[in-house]
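What follows is a short report on a single structure.
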Amino acid sequence: ILGVEELKAEVIMYGAMIPALQAKRVDMATSGLYIKPDRCESIIYSEPDLCGAEAFAVPAGNPNNLLTYEDIAANPDLKMTTCAGCAEEKYALERGVQAGQIVYFDTPPSGIKMLQQGRVDVFALSGLGTQDLLQKTNDPNLELIMPISGVPIGCAGAAFNMNDIEFRAEYNMALAKLKATGEFAAIIEPYGFSAEATAGESYLTRCPDGK
1 ILGVEELKAE
11 VIMYGAMIPA
21 LQAKRVDMAT
31 SGLYIKPDRC
41 ESIIYSEPDL
51 CGAEAFAVPA
61 GNPNNLLTYE
71 DIAANPDLKM
81 TTCAGCAEEK
91 YALERGVQAG
101 QIVYFDTPPS
111 GIKMLQQGRV
121 DVFALSGLGT
131 QDLLQKTNDP
141 NLELIMPISG
151 VPIGCAGAAF
161 NMNDIEFRAE
171 YNMALAKLKA
181 TGEFAAIIEP
191 YGFSAEATAG
201 ESYLTRCPDG
211 K
């Protein structure tokens, strides 16, 4: 739709995506960056392409009865894993989890591996992402806890350099066309995502001054 003839994809660390955009090492990040006010000071977002609840992965039976981030905070002996700079890190710290309780993973599958090895007690990430990981891992010794009470529904969008306003506008127009024709739903729903969840959501309400 945008007429891009050649697309080069690059895998980079989650916490390096915003610096890469700022330095123009990449033109766009499409790895599920949640739209958050503090990030809107450094980058600009497209309209949301994914929205969903938060989730935990825990040992089967949920032996520590972890249903909220406050439950993790209540037991300083517990360890959780998430990615540095993720929304889940912020949710945890805001709700009393100590920095020393958080073990950062490099990739989500490596975080699940930590849980399987008993190095952490809980894995925290977006609901859809966690659900997909557990389905692929297919380990009966792990259990999904979703939704997590007390945290907002998160929305992610494509991210751009602050100066790429025209690029963002063209991307948004193309995304709107995909949503209107039903093609967007056809693309994401086979992977367990919901196109309907993004309806009525906008970066304008999630970024200060509608950046």
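Here UniProt numbering is used: the first residue of the sequence shown is 1, the next is one more, and so on.
Glycine included, each C-beta is placed from N, C-alpha and C at the ideal position.
Model, not experiment: these values are computed from the prediction.
Remark: C-beta atoms of G192 and C51 do not approach each other more closely than 9 Å. Nearest neighbour of R25 by Cα position, chosen from K8, D38, C40 and E41, turns out to be K8. Take G96, set aside five residues on each side of it, and the residues of its chain with a beta-carbon closer than 7 Å to its own are E70 and A73, in chain order. Going by C-alpha positions, V151 is about 7 Å away from Y91. Taking 9 Å as the cut-off, the beta carbon of L142 is found no closer than this to the beta carbon of A55. The beta-carbon separation of A29 and A169, rounded to 17 Å, does not stay under the 8 Å limit for a contact. Below 8 Å, too few C-beta pairs join the region 57-69 and the region 199-206 to call them touching: fewer than three. Excluding the 5 residues flanking it on each side, P140 has same chain C-beta neighbours closer than 7 Å at A60, in chain order. Taking C-beta separations shorter than 8 Å and ignoring five residues to either side along the sequence, the partners of N64 in its chain run V58, D71, N75, L78, D121 and V122, following chain order.
The alpha-carbon of A195 is positioned some 17 Å away from that of S31.
For Y45, the uninterrupted beta strand (DSSP E) segment begins and ends at I43 to Y45.
Bridge partners of M80 according to DSSP: I102 and V122. Cβ neighbours of Y45 within its own chain (closer than 6 Å, five residues either side excluded): I35, G157, A159 and Y203. In this structure M13 touches D106 by the C-beta definition: roughly 7 Å separates them, less than 8 Å. Per DSSP, E143 is one residue of the beta strand (DSSP E) stretching across L142 to I145.
With respect to the 9 Å criterion, I102 and E94 are not classified as neighbours on the basis of their beta carbons.
With contacts defined by Cβ atoms closer than 9 Å, L66 and I145 form a contacting pair. Within 10 angstroms of the beta-carbon of M173 lie fewer than 16 other beta-carbons, which makes it exposed.
According to the DSSP assignment, F56 belongs to the beta strand (DSSP E) that extends over E54 to P59. If the five residues before and after E47 are omitted, its C-beta is found closer than 7 Å to the C-beta atoms of G157, N172, L175, S202 and Y203, all from its own chain and listed in chain order.
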